[in-house]
Amino acid sequence: MGEPLTPKKDENACRFTPVYWDFLSRHKKRLQGNNRMSMQLKNLERKPRAELKVIRKRAQSLRNTFGADLK
1 MGEPLTPKKD
11 ENACRFTPVY
21 WDFLSRHKKR
31 LQGNNRMSMQ
41 LKNLERKPRA
51 ELKVIRKRAQ
61 SLRNTFGADL
71 K
C-alpha cells in the first residue's frame, strides 16, 4: 500500500520531502505573505546551505524521473 513515509535524509527517504523543501525555497518570496507558511519558512531558513544544495539536487533528480508535474 505505497511506500512508508520516513523522515530520513538519505536516498531511501520519502521522495516528497526534497520536492516540498525545494518548492518552498524556490517560491519563498511569494509565500512570505501567507501567515500559515511562516513556521515552515522559518524552518527552511534554519537549514544549512549544504543541506539545501542536496535537497535541490535530489528534487531535480526526482523531477527528471517523474516528470515536470513535480514543479
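Residue numbers (the UniProt record's numbering): 1 to 71.
Glycine is no exception: its CB is placed at the ideal position from the N, C-alpha and C atoms.
All values reported here derive from a predicted model rather than from experimental measurement.
For Met37, there is no enclosing alpha helix (DSSP H), as DSSP marks it with neither H nor E. Under the three-state reduction of DSSP, Arg30 is assigned to helix. CA-CA distance, Phe23 to Asn35, rounds to 17 Å.
Around the beta-carbon of Pro48, fewer than 16 other beta-carbon atoms lie within 10 Å, marking it exposed.
One alpha carbon belongs to Ser25, the other to Gly67, and they sit about 19 Å apart. Taking all protein chains shown into account, Ala59 has 16 or more neighbouring C-beta atoms within 10 Å of its C-beta and is therefore buried. In the displayed model, Arg15 falls within coil according to three-state DSSP, outside both helix and strand.
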